[in-house]
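Participant: Per the numbering used here, residue 3 is the first one in the sequence shown, and the count goes up by one each step.
Take this structure first; my questions come after.
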Amino acid sequence: MTKVLDRHPQPALKFLAEDFVADSFEKINVVLQELLAASPSSVEEWREWVLWRSELDSVIAEESLKRMYASVCKTNDEALEKANLDFQTEIMPKVEPIDDLLDRKYLDGAFRDALRDGGFDIYDRSIELGVKMFRQENVQLNADDEKLSNEYTRTIAAMTVTYKGEEVTLSGMSKYLADPDRVVREEAFRLVSSRRLIDAEALDAVFDKMVALRDKVSRNADFENYRDYMHVGKERFDYTPEDCLAFGENVKRYIVPAMRKINEHRRQKLGVDTLRPWDTSVDLDGADAFEPFTDAAGHVDVSAKLMSAVAEDFGEELRWMSSQGLLDLETRPHKGPGGFMDNLEKRRVPVIFANSGTTHSDVETLVHEGGHALNGLFCRDLEPVAYRMPPLEFAEVASMGLEALVMEHLEDVYPADEAQRARRDSLEGMLSTFAWVATIDGFQHWIYTHPQHTREERTAAWNTLLDDFSTGVDWSGLENERSAVWHRQLHIFQVPFYYIEYALAQMGAIQLWLNYRTDREACVAAYRHGLSLGGSTGLPELFEAAGLSFDPRGNGFADWVPQIVAEWEKAV
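What follows is the structure in structure tokens.
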């Protein structure tokens, strides 16, 4: 993450010294105390106070991200792990109580109404909620939860298998699940699943501790359960837990039958008696697994070409990020799982992390994170810093929406047959996302409304949900593996209840895709406009700005699903 000197220059700090680094509580506290002692006496002085605090928050956020990013890139480096944990469990727990005092200072300010009416309404709403939710006794509990999260990362990152005499990461094994040879696919699947089962007991033990901690956090804050606590804490002002459950019912009604149709076609095309877990990624015509690139440079090149096909500057931004050392894409031992984008808030530029293979799915991942990066870049000039953080339900429209748009340009980059295959897979993915999200979200609803559950009860609840959203894949003889599949979903461990957002955003992405097929120029302009608003307005308003409707219950499935299935039928 080198210093950025071109294209997106770092804004000058207005309130802090340019060389200020938030690497100790002592340094941070000097500014916190100055903020507490300040006595703004006009609307403009209060506005400056908010921006002063925002600047400090930006510098703190950048220091936090740099430490986390370094540790997840090299999970076996004890010094990096310690630096990250020290910040999250030693420094931030001291900052949070003072942040609460600053929140209360703002709420008690004489000019609060004028600030709210002058563009700080969303900011004001968040501050008010933060004060409602804060409990001093939860600071240490959240720090303990962070330590457990780090333990999960370390455990997952250490997972490798020996295949054909070589040590291979689990991400690196993904290409073998698309091998035309069913024996190879099954061997790869069983090898990976067996490796995951080795640590199943350890991961269950970690999660048991997490559930107990989180339940205590919610009760400390006067909530009946952690589900309700998180729904409020995530600022879900525009939909309810009941909406989420209704969404799940609509998935059963519209998505599951469509996916069963798709999987039955797959079974017949493959000529197998039953569709097994290792049959879901292979090409239906028996073609070899397509590798659109072989290294990180190729990964960037292919993804950037697809993004530029939508809008020239979209791909240029990804190439620029690569040139600035803002991407880490290769898979390697002891690198953390998954992929993410986050913003270096002092420099106001994004970074992307991904533990990638060499498949089209990995291209989709980089395009996805590239959409998040565009969101960060398009709203980088907004103040305060909270306005550069869109609600997750719309942030994922930026990413999933871009995935949907590039689907229309696969033929520009891939060979025709591979483009058709990737398009078919993407259309299937649009639908399968909903079933998986409903499963994960429903599982978390059950977990945290039954906090005293046993592991056996948890496993039973998981398997019931898998049955409810089953799409025709036969797991016979793999009951233990099936029961532990949720272990690989890092969100359950590390960012609880961050998952329904993917489904709400996918519904936005589908609308965006349909709009693009009607009027590309207008669609891209609306998409760009929506992203430029960051988090400065409400969730329904962000969807509207991008030309979309916010639909938390999935009522639009009745209209959209047949259109997606029709396009899928053309691709097969």
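Every residue, glycine too, gets a C-beta built ideally from N, C-alpha and C.
Between F22 and M135, what straight-line distance do the alpha-carbon atoms span, to the nearest angstrom?
Facilitator: Numbered from 1 along the sequence shown, position 20 holds the residue referred to as residue 22. Numbered from 1 along the sequence shown, position 133 holds the residue referred to as residue 135. Answer to the nearest angstrom: the Cα atoms are 30 Å apart.
Participant: Within the chosen definition, does the stretch 329-337 reach the stretch 281-288 through at least 3 CB pairs nearer than 8 Å?
Facilitator: Not touching, per the Cβ criterion.
Participant: Go ahead and pull the three-state DSSP assignment for N252.
Facilitator: Position 250 of the sequence shown, counted from the start, is the residue given in the question as residue 252. The answer is helix: DSSP assigns N252 an H, G or I state.
Participant: Do A311 and D414 have their C-beta atoms within less than 7 Å of each other?
Facilitator: Taking the first residue of the sequence shown as 1, we reach residue 311 at position 309. Taking the first residue of the sequence shown as 1, we reach residue 414 at position 412. In this structure, D414 lies closer than 7 Å to A311 by Cβ.
Participant: Going by C-alpha distance, which of Q491, V234, E188 is nearest G341?
Facilitator: On the sequence shown, position 339 is the one that residue 341 refers to. Closest by alpha carbon: Q491.
Participant: P259: buried (16+ other C-beta within 10 angstroms of its C-beta) or exposed?
Facilitator: Within the sequence shown, residue 259 is the residue found at index 257, counting from 1. P259 comes out exposed.
Participant: Is L179 helix, strand or coil when you go by DSSP?
Facilitator: As a position in the sequence shown, residue 179 is number 177, starting the count at 1. In the structure shown, L179 sits in a helix (DSSP, three-state: H, G or I).
Participant: Helix, strand or coil: how does DSSP classify E139 here?
Facilitator: Here residue 139 corresponds to residue number 137 of the sequence shown, with the count starting at 1. Three-state result, E139: helix.
Participant: From N557 to A511, what distance separates their C-alpha atoms?
Facilitator: Start at 1 with the first residue of the sequence shown, and residue 557 comes out as number 555. Start at 1 with the first residue of the sequence shown, and residue 511 comes out as number 509. About 15 Å.
Participant: Hey, L429 and A573 are a contact pair by Cβ (cut 8 Å); roughly how many whole angstroms apart?
Facilitator: As a position in the sequence shown, residue 429 is number 427, starting the count at 1. As a position in the sequence shown, residue 573 is number 571, starting the count at 1. About 6 Å; that satisfies the 8 Å criterion.
Participant: Which of the three DSSP states is assigned to P564 in this structure?
Facilitator: To locate residue 564, count along the sequence shown from 1; it is residue 562. The answer is helix: DSSP assigns P564 an H, G or I state.
Participant: Could you tell me the alpha carbon to alpha carbon distance between A560 and M509, rounded to whole angstroms?
Facilitator: In the sequence shown, the residue the question calls residue 560 occupies position 558. In the sequence shown, the residue the question calls residue 509 occupies position 507. Cα to Cα, A560 sits roughly 12 Å from M509.
Participant: Does any residue of chain D have a CB that is nearer than 7 Å to the CB of L433?
Facilitator: No chain D appears in this structure, which consists of one protein chain only.
Participant: Spell out the partners DSSP gives P352 in its beta bridges.
Facilitator: Within the sequence shown, residue 352 is the residue found at index 350, counting from 1. In the DSSP output, where bridge partners are listed per residue, P352 has N345.
Participant: Assuming M261 and T473 make a contact with CB atoms under 8 Å, what is their CB distance in whole Å?
Facilitator: One-based indexing of the sequence shown puts residue 261 at position 259. One-based indexing of the sequence shown puts residue 473 at position 471. The pair is a contact, with the Cβ atoms about 4 Å apart (cut-off 8 Å).
Participant: Taking C-beta to C-beta, are I257 and L433 nearer than 7 Å?
Facilitator: Taking the sequence shown and counting its residues from 1, the one referred to as residue 257 is at position 255. Taking the sequence shown and counting its residues from 1, the one referred to as residue 433 is at position 431. Cβ distance < 7 Å, so I257 and L433 count as in contact.
Participant: Does DSSP classify L480 as helix, strand or coil?
Facilitator: Numbered from its first residue, the sequence shown carries residue 480 at position 478. Of the three classes helix, strand and coil, the one that applies to L480 here is coil, per DSSP.
Participant: Determine whether the beta carbon atoms of V365 and L404 lie at a separation below 7 Å.
Facilitator: What you label residue 365 is simply residue 363 of the sequence shown in a count that begins at 1. What you label residue 404 is simply residue 402 of the sequence shown in a count that begins at 1. Not in contact: V365 and L404 (Cβ atoms no closer than 7 Å).
Participant: Quick one: Cα of R187 to Cα of A291, how far?
Facilitator: Along the sequence shown, read from residue 1 onward, the residue named residue 187 stands at position 185. Along the sequence shown, read from residue 1 onward, the residue named residue 291 stands at position 289. Approximately 11 Å between the Cα atoms of the pair.
Participant: Return the chain-ordered list of same chain residues with a C-beta closer than 7 Å to the C-beta of A400, the five sequence neighbours on each side being excluded.
Facilitator: As a first step, residue 400 is located in the sequence shown; it is residue number 398 there, counting from the start. Excluding residues within five positions, the ones whose Cβ falls inside 7 Å are G373, H374, L376, N377, L533.
Participant: Would you kindly work out how many angstroms separate the C-alpha atoms of D201 and Q12, rounded to a whole number?
Facilitator: For the purposes of this step, residue 201 is taken as residue 199 along the sequence shown, with counting starting at 1. For the purposes of this step, residue 12 is taken as residue 10 along the sequence shown, with counting starting at 1. The straight-line gap from Cα to Cα measures roughly 44 Å.
Participant: Touching or not, the stretch 525-543 and the stretch 115-124, by the rule of three or more beta carbon pairs under 8 Å?
Facilitator: Cβ pair count under 8 Å is three or more, so yes.
Participant: Do you know whose CA, among K254, E571, R137, lies nearest S220's CA?
Facilitator: In the sequence shown, the residue the question calls residue 220 occupies position 218. Nearest C-alpha to S220: R137.
Participant: Less than 7 Å between the beta carbons of F471 and A440, yes or no?
Facilitator: Stepping through the sequence shown from its first residue, residue 471 is reached at position 469. Stepping through the sequence shown from its first residue, residue 440 is reached at position 438. Yes.
Participant: I need the straight-line Cα distance from V45 to A116, nearest angstrom please.
Facilitator: Position 43 of the sequence shown, counting from 1, holds the residue named residue 45. Position 114 of the sequence shown, counting from 1, holds the residue named residue 116. The alpha-carbon atoms of V45 and A116 are separated by roughly 7 Å.
Participant: Can you tell me which of the three DSSP states S56 falls into?
Facilitator: In the sequence shown, counting from the first residue as 1, residue 56 sits at position 54. DSSP places S56 in helix when its eight states are reduced to three.
Participant: Determine the contact status of F396 and L215, defining contact as a CB-CB distance below 7 Å.
Facilitator: The count along the sequence shown starts at 1 and reaches residue 396 at position 394. The count along the sequence shown starts at 1 and reaches residue 215 at position 213. Result no, Cβ atoms of F396 and L215 do not sit closer than 7 Å.
Participant: How is the beta strand (DSSP E) around D419 delimited, first residue to last?
Facilitator: Locating residue 419 in the sequence shown gives position 417, where the first residue counts as 1. Where D419 is concerned, there is no enclosing beta strand (DSSP E), although the alpha helix (DSSP H) it sits in stretches over 418-451.
Participant: Put T296 into one of helix, strand or coil per three-state DSSP.
Facilitator: Position 294 of the sequence shown, counted from the first residue, corresponds to residue 296. Here T296 sits in coil by DSSP.
Participant: Can you give me the start and stop residues for the beta strand (DSSP E) that L331 sits inside?
Facilitator: Here residue 331 refers to the residue found at position 329 when the sequence shown is read from its first residue. Per DSSP, L331 belongs to the beta strand (DSSP E) from 329-332.
Participant: Assuming Y165 is part of the beta strand (DSSP E), what are its boundary residues?
Facilitator: Numbered from its first residue, the sequence shown carries residue 165 at position 163. Where Y165 is concerned, the enclosing beta strand (DSSP E) stretches over 162-165.
Participant: What is the residue span of the alpha helix (DSSP H) that V186 lies within?
Facilitator: Stepping through the sequence shown from its first residue, residue 186 is reached at position 184. Run containing V186: 184-200, per the alpha helix (DSSP H) assignment.
Participant: Examine the ligand COA and report whether any of its heavy atoms sits within less than 6 Å of the Cβ of M135.
Facilitator: In the structure shown, the ligand COA is absent, as is every other ligand, since no ligand is present at all.
Participant: Looking at the secondary structure, which residues open and close the beta strand (DSSP E) in which E413 lies?
Facilitator: Translated into positions along the sequence shown, residue 413 becomes position 411. Unbroken run through E413: none, as it is neither H nor E.
Participant: Going by DSSP, name the residue or residues bridged to T171.
Facilitator: Numbered from its first residue, the sequence shown carries residue 171 at position 169. The partner list for T171 (beta bridge, DSSP) reads T162.
Participant: Roughly how many angstroms lie between the CA atoms of N31 and V97, to the nearest whole one?
Facilitator: One-based indexing of the sequence shown puts residue 31 at position 29. One-based indexing of the sequence shown puts residue 97 at position 95. Each residue's Cα considered, the two are about 7 Å apart.
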